[in-house]
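>
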Amino acid sequence: RDKMGSAPEAFDKMLQADRWKLDGRSLNDEDVEFFVERALRSGRVADVKELDLSKNQIQDEGMRLLITQILDKATRLETLNLVHNKINISSIKSLAGAVMSLRELTSLNLDDNSIGKDGERALNKANAKRATQLNLELE
29 RDKMGSAPEA FDKMLQADRW KLDGRSLNDE DVEFFVERAL RSGRVADVKE LDLSKNQIQD
89 EGMRLLITQI LDKATRLETL NLVHNKINIS SIKSLAGAVM SLRELTSLNL DDNSIGKDGE
149 RALNKANAKR ATQLNLELE
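Here our numbering runs 28 ahead of the position in the sequence shown, where the first position is 1.
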């Protein structure tokens with residue numbers, strides 16, 4: 029058993045769906061690197077509609093990988109849940125840029141992270157520039 033599921037086959041099967049739920053697995057930045065590699069190999073990143081990485085241990089390096097390798101390619105993403113991770117302001121400006129290009133994104137949840145007032149401002153500013161407003165949860 030590993031953090032990604034009961035077996036690599038189960039993880040790969042999850043990647044074939046359009047809702048990727050990896051919540052509550054204590055994933056850290058190294059685990060995110062593994063996830064990104066497997067996700068890219070699946071060829072399904074552009075089809076994912078929901079990415080739930082809540083209740084993990086993702087920090088700046090994990091966020092950098094998610095933004096540059098997954099979010100840039102997830103053109104159909106509607107929901108991104110990053111509640112209760114270890115995300116701080118250094119990742120938020122990049123995330124704000126990615127949010128502007130994700131046209132289908134309707135919900136972004138960053139509750140229980142350390143993004144601070146500057147992070148909130150950056151995300152709200154990016155949201156204001158979108159054609160359709162996001163449901164942003166930032167407490």
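By construction, the Cβ of each residue, glycine as well, lies at the ideal position given by its N, Cα and C atoms. None of the values given here were measured: they were computed from a predicted structure.
Which of the three DSSP states is assigned to E165 in this structure?
Three-state result, E165: strand.
> If we ignore side chains and look at the alpha-carbon of each, how far apart do V76 and L93 end up?
Each residue's alpha carbon lies about 17 Å from the other.
> Can you list, in chain order, the stretches of the beta strand (DSSP E) that have 3 or more residues and sit fully within the stretch 125-156?
Within the stretch 125-156, the complete beta strand (DSSP E) runs of at least 3 residues are 135-137.
> How close, in whole Å, do the beta carbons of K143 and N116 come, if the pair is a contact with beta carbons under 8 Å?
This sequence places Ile at residue 143; Lys is not what is there. That pair is a contact at about 6 Å.
> What ranges does the alpha helix (DSSP H) occupy inside the stretch 75-107, keeping only unbroken runs of at least 4 residues that lie completely in it?
Complete alpha helix (DSSP H) runs here, min 4: 88-93.
> So, L133 versus L108, is the Cβ gap smaller than 8 Å?
A contact, by the Cβ cut-off of 8 Å.
> Between K114 and Q85, is the Cβ-Cβ spacing less than 8 Å?
Yes, the pair counts as a contact, with Cβ atoms nearer than the cut-off.
> Might you give, ordered along the chain, the residues of its own chain that have their beta carbon closer than 6 Å to the beta carbon of Q87, omitting 5 neighbours on each side?
So the list reads D57 and K114, once near-sequence residues are dropped.
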